[in-house]
Amino acid sequence: MKNEEIERQAEEQHNRWRKSEPASPYNVPFSQLPEHYRHSNRNRVLDKSLRYYLIKGKKAETSKADEPLSPQEIEVMGMIEHNRWMIEKYNAGWVACSEESTGVARLRDKYEAQILAEIEAEGRSLTDNEIRALIKERLMNCPDFWKKLREYKIHRDLRPWNELSDADKKKDFDSILV
Numbered sequence: 016m017k018n019e020e021i022e023r024q025a026e027e028q029h030n031r032w033r034k035s036e037p038a039s040p041y042n043v044p045f046s047q048l049p050e051h052y053r054h055s056n057r058n059r060v061l062d063k064s065l066r067y068y069l070i071k072g073k074k075a076e077t078s079k080a081d082e083p084l085s086p087q088e089i090e091v092m093g094m095i096e097h098n099r100w101m102i103e104k105y106n107a108g109w110v111a112c113s114e115e116s117t118g119v120a121r122l123r124d125k126y127e128a129q130i131l132a133e134i135e136a137e138g139r140s141l142t143d144n145e146i147r148a149l150i151k152e153r154l155m156n157c158p159d160f161w162k163k164l165r166e167y168k169i170h171r172d173l174r175p176w177n178e179l180s181d182a183d184k185k186k187d188f189d190s191i192l193v
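Written out as structure tokens, the structure reads:
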């Protein structure tokens, strides 16, 4: 693949991702991304041929454009892409977001206290289990919490494929199907 083609495909992938992540601070034109994110998109493009070869047993450039991937092949390609992405993150110094992590626990406690205060201010009558479930739901959807974790290079998706939500798996599927 020529450099221009790699750049074009990397930009195309980024633009597709932008549609699915409108609130992300990285939802900017490809040329405005930090270099390491542009490089990540290029790596994804370069690895696409390898993934295709592993699945279909032939070069991506020589296969017919209309040759579809089966659901099982898409699943395997998604797993391979997720593993490639995790290696890239680990090599850049990121760590997994585990419940045991002291930094995560402190930050989680801080945000959970804020969420609990909001719930109490709403004046709803809830059981302890309902309160815990509501705190967990709001915390998972709290962009400030996840933004702060990113500042510490802690990522919630650095985990095995089978532990990802369907929405998170879709990100990997979308990146391989460009």
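Heads up, the sequence shown is in my numbering, so the first residue is 16 and it goes up one at a time.
C-beta: ideal position from N, C-alpha, C; glycine also.
Quick caveat: nothing in here was measured; it's all calculated off a predicted structure.
Within its chain, find whatever has a CB closer than 8 Å to the CB of residue i; leave out the 5 residues flanking it on each side and keep chain order.
i           : result
residue 162 : 40
residue 58  : 99, 103
residue 146 : 131, 134
residue 45  : 25, 26, 29, 30, 53, 56
residue 80  : Model confidence at residue 80 stands at a pLDDT of 46, short of 50, so the residue's coordinates are unreliable; what they give is reported in the following sentence. Here the set comprises nothing.
residue 77  : With a pLDDT of only 44 at residue 77, under the threshold of 50, the placement of this residue in the model should not be trusted, and no figure is reported.
residue 119 : 112, 113, 164, 169
residue 141 : 134, 149
With residue i and residue j assumed to form a contact (beta carbons below 8 Å), what rounded beta-carbon distance in angstroms separates them?
i           : j           : result
residue 21  : residue 60  : 5 Å
residue 104 : residue 179 : Going by Cβ atoms, the distance from residue 104 to residue 179 rounds to 14 Å, so no, they are not a contact pair.
residue 168 : residue 100 : Between residue 100 and residue 168 the Cβ distance is about 14 Å, and since that is not below 8 Å, they are no contact.
residue 36  : residue 30  : With 8 Å as the limit, residue 36 and residue 30 do not qualify as a contact, their Cβ atoms being about 11 Å apart.
From this set, the options, which residue's C-alpha is nearest residue i's C-alpha?
i           : options            : result
residue 153 : 169, 131, 173      : 131
residue 127 : 111, 149, 142, 141 : 149
residue 157 : 171, 29, 55        : 171
residue 55  : 85, 134, 145, 24   : 24
residue 50  : 33, 34, 26         : 26
residue 175 : 32, 97, 85         : 97
residue 124 : 160, 84, 19        : 160
residue 151 : 107, 129, 137      : 129
residue 122 : 33, 166, 83        : 166
From which residue to which residue does the alpha helix (DSSP H) around residue i run?
i           : result
residue 96  : 86-106
residue 139 : Run containing residue 139: none; DSSP gives neither H nor E here.
residue 38  : From DSSP, residue 38 is part of no alpha helix (DSSP H); its letter is neither H nor E.
residue 144 : 143-155
residue 56  : 50-71
residue 190 : 181-191
Could you tell me which residues DSSP pairs with residue i in its beta bridges?
i           : result
residue 21  : Residue 21 pairs with nothing; no bridge assigned.
residue 170 : 111
Report all residues from its chain with a CB closer than 7 Å to the CB of residue i; omit the five preceding and five following residues, and keep chain order.
i           : result
residue 93  : 184, 187, 188, 191
residue 91  : 70
residue 144 : none
residue 88  : 70
Please work out which residues of its chain come closer than 6 Å, Cβ to Cβ, to residue i, disregarding the five sequence neighbours upstream and downstream, and give them in chain order.
i          : result
residue 62 : 99
residue 69 : none
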